[in-house]
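Heads up: the sequence lines are chains E and Z, in that order. Position one of the first sequence corresponds to residue 1 (the numbering used here), numbered consecutively onward. Position one of the second sequence corresponds to residue 1001 (the numbering used here), numbered consecutively onward. Note that CB positions come from ideal geometry on N, CA and C, so glycine has one too. All of these numbers come straight from a predicted model, not from anything done at the bench. Below is one structure, written out as structure tokens; comments come after it.
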Amino acid sequence: MTNKEILESVSNIIREVLELPNLTVTDQTSAKDVDEWDSMTHIQLISAIEGKYKVRFALGELQALKNVGDMVLLIQKKITK
Amino acid sequence: MPFNSYYFIFIFLPITLCGYYVLNYKNRVVLAKTWMVGASLYFYSFYNINNLPLLLFSILFNFGLTSHFHSPKKIISKSLLLKIGLVFNLGLLGFFKYGDFAIWNFNWLFHQKVEPLAMVLPLGISFFTLQQIAFLIDSYEGLNERKSFLDYSFFVTFFPQLISGPIVQYSYLMPQLENLENKKVNLDNITLGIFLFCIGLIKKVLLSDTFGVWAKPGFDELVSLDLLAAWKTSLSYTFQLYFDFSGYSDMAIGAAYLFNLKLPQNFNSPLRSKSLIEFWSRWHITLSQFITTYVFTPIVRSMPKINFQTTMVATVLAMFISGIWHGAGWTFIVYGVLHGLGLVVNHVWKKRRKKLPGILAWFITFNFINVTMVFFRAKDLEHALKVLKGMLGFDGVVIPKMGIKSVGFLKDYGVKIGTYLYPSDYFMILFLILSFYLIHQGKNSMLLEKEIKLNEKIGIFCGIAFVFCIFGMNKITEFIYFNF
């Protein structure tokens, strides 16, 4: 799976969880840019992504995530392991 | 020793800094780290040398335990190691911090007379314990490779953040230390460090300590407070705490910059927040991140289903833990639970997607924070209720004498006319106006750190501010978070 494909699929999950169907998501998008993206929706997002890719994020990995690009790279790392 | 002391500024800091760079210049990298660990332990012992064995024991135990995660021959399983580590760290914190609180509640509940332990809270225990818990969990989850004892000790004891944070992850701090470029003197970082340190010093010496004088009588001395006195008391404490802790954080970040190490930001103009959710993303940021990552997330994951209701339950639980982390007392429990419930209300409101006008949203948020701060500061619930009663006008309304006859009718409504305002009252009103201006319009140190161009003007500003603060430092006051 390429990073572009992961980004596309993660973007769809973000739109769905945040209930923002028209949101534009890029590598640089972060929680700071979207009002609806807070600690409550973040954990739902993480759970949805973990379910979709059948991966489990370590707690420390979650804290280190700065934007969607970091998330895509982390998913790539996990699924190619 | 406090950052706002002559000994720290004129003796400890310059000597530590010179030693560190001279050793690095001579390529004695290991010795330079050892020098820093030694200096940090000296810094810690300066408050009370009796606490040093506890810090060393905590470091040794945690290092030994986490090293075992990497051992090829494991005597005990990883999950059992994690449990032992958590019990050890939380047990240590619990024993020193909550021992007497538990005894007090036991005595009250069962009418017993068990003698309290009369423990003195070891300085910084809440912070170095959290930092080591994060390291322990990260190691368990395979995020940390084996570390040397020296590196681990540096990570825990680095003096700018040892006592009151910012709480930092190993993977954030230590790669910076290994970067060879960071072992050379960097004038830009030193200037930025001095600048941030001065900003913190101004917040502490000029603002926080001044507000502290106005907050104390209302909380600790007076039996009842009229309306204006109660608001003066609560607002003064909110500003005292904000300038104290954000000032401390600025000084810690500034001091770390002198060693070419960047610490994470802890405050981002929290008092201008327009919601409680926003407030907790701006106030004591590194604690919020710790609570979100290592408390809130595991609670949510332990729930059978992740939905709005379960995340709200986890939010209240996490805020309760955050509250009690600050101190052993019912006031902190009330503070934490109120913020947890406040966040639930905020999330429910947010789901409706109806926005309040900005000024109203700020007004509600600020007042909620100001009211809950009363619980945070008060000695016990009784003192907190005294201030809150005053703020609601239950203990009378006294307005200052202004020589205006037309306000005389207010007496019919129970309003008393007091004395004329003293010069110190005008001074306080000026400080409150200045503080409201600063929290809304002032550039915070996070922005200044990114945007500021260090030039002669800034140099002159720092010089004047520094001299001013140095003269104001004749009475060293402790930072509030040293008690937590």
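Establish whether the CB of Z/Asp1138 and some CB of chain E are separated by less than 8 Å. For Z/Asp1138, the nearest CB of chain E lies under 8 Å from its own CB, placing it at the interface with that chain.
Quick one: does Z/Glu1141 have its CB under 8 Å from some CB of chain E? Z/Glu1141 counts as touching chain E.
With DSSP run on the structure shown, which of helix, strand or coil describes Z/Tyr1420? In the structure shown, Z/Tyr1420 sits in a strand (DSSP, three-state: E or B).
Nearest chain Z C-beta to E/Gly60 closer than 8 Å, yes or no? For E/Gly60, the answer is yes, since a Cβ of chain Z falls inside 8 Å of its Cβ.
State yes or no: is the beta carbon of E/Gln44 nearer than 8 Å to at least one beta carbon in chain Z? Chain Z has a Cβ within less than 8 Å of the Cβ of E/Gln44.
Cα separation between E/Leu20 and E/Ser30? Those two C-alpha atoms are separated by around 15 Å.
Using a cut-off of 9 Å between C-beta atoms, extract the partners of Z/Phe1296 located in chain E. Chain-order list of chain E residues neighbouring Z/Phe1296: Ser39 and Ile43, by C-beta distance under 9 Å.
How would you list, in chain order, the residues of chain Z whose beta-carbon sits under 7 Å from the beta-carbon of E/Ser47? Residues of chain Z with a Cβ closer than 7 Å to the Cβ of E/Ser47 are, in chain order, Ile1306.
Thinking C-alpha only, which one of Z/Leu1196, Z/Gly1165, Z/Leu1060 and Z/Val1213 is nearest Z/Ser1236? Of Z/Leu1196, Z/Gly1165, Z/Leu1060 and Z/Val1213, the residue nearest in Cα terms is Z/Val1213.
Taking buried to mean at least 16 other C-beta atoms within 10 Å of its own C-beta, is Z/Ala1215 buried or exposed? Z/Ala1215 should be labelled buried.
Short-range partners of chain E found in the region 1322-1345 of chain Z, where Cβ spacing is below 7 Å: For the region 1322-1345 of chain Z, no residue has a beta-carbon sitting nearer than 7 Å to a beta-carbon of chain E.
Excluding the five sequence neighbours on either side, which residues of its own chain have a C-beta within less than 6 Å of the C-beta of Z/Phe1376, listed in chain order? Within its own chain, the residues whose Cβ lies closer than 6 Å to the Cβ of Z/Phe1376, once the five positions on either side in sequence are excluded, are Tyr1335, listed in chain order.
Counting only beta-carbon atoms, is E/Gln28 nearer than 8 Å to chain Z? Cβ-Cβ to chain Z under 8 Å: no for E/Gln28.
I want to know whether the region 1287-1296 of chain Z touches the region 1188-1207 of chain Z - three or more CB-CB distances under 8 Å. These segments do not touch.
Are the C-beta of Z/Ile1049 and some C-beta of chain E separated by less than 8 Å? Contact of Z/Ile1049 with chain E is not assigned, every C-beta pair being separated by 8 Å or more.
For Z/Pro1014, the first and last residue of its enclosing alpha helix (DSSP H): Z/Pro1014 -> alpha helix (DSSP H) spans Leu1013 to Tyr1025.
On the CB-based measure, 16 or more other CB atoms within 10 Å of its CB, does Z/Glu1449 come out buried or exposed? Burial check for Z/Glu1449: the Cβ neighbour count within 10 Å reaches 16 or more, so the residue is buried.
Does the pairing of the region 1222-1231 of chain Z with the region 1157-1177 of chain Z give three or more beta-carbon distances under 8 Å? Fewer than three beta-carbon pairs drawn from the region 1222-1231 of chain Z and the region 1157-1177 of chain Z are found closer than 8 Å, and the two stretches are therefore not classed as touching.
Please confirm if Z/Val1087 has its CB atom under 8 Å from at least one CB of chain E. Interface annotation, Z/Val1087: not in contact with chain E, CB-CB separation never under 8 Å.
Taking C-beta pairs closer than 7 Å, name the residues in chain Z that E/Gln63 reaches, listed in chain order. Chain order gives the chain Z residues near E/Gln63 as Gln1169, Gln1289 and Thr1293, where near means a beta carbon separation below 7 Å.
Tell me Z/Lys1399's beta-bridge partners as DSSP assigns them. Checking the sequence, you will find Ile at residue 1399 of chain Z rather than Lys. DSSP output for Z/Ile1399 lists Z/Ile1417 as bridge partner(s).
Assuming Z/Phe1259 and Z/Tyr1020 form a contact by the criterion Cβ under 8 Å, report the distance between their Cβ atoms to the nearest whole angstrom. Contact holds; Cβ gap of about 6 Å.
Give the DSSP-derived three-state secondary structure of Z/Phe1046 in the structure shown. Coil at Z/Phe1046, not helix or strand.
Can you tell me whether Z/Leu1080 is buried or exposed? The criterion is at least 16 other CB atoms within 10 Å of its CB, across all chains shown. Exposed is the label assigned to Z/Leu1080, since fewer than 16 other Cβ atoms lie within 10 Å of its Cβ.
With a 10 Å radius around its C-beta and 16 neighbouring C-beta atoms as the bar for buried, classify Z/Lys1411 as buried or exposed. Exposed, because fewer than 16 other Cβ atoms sit within 10 Å of the Cβ of Z/Lys1411.
From this set, Z/Asn1089, Z/Lys1401 and Z/Val1185, which residue's C-alpha is nearest Z/Ala1256's C-alpha? It is Z/Val1185 whose Cα lies nearest to the Cα of Z/Ala1256.
Candidates Z/Phe1057, Z/Val1223, Z/Phe1243 and Z/Ser1224: closest to Z/Leu1207 by CA position: Nearest C-alpha to Z/Leu1207 among Z/Phe1057, Z/Val1223, Z/Phe1243 and Z/Ser1224: Z/Phe1243.
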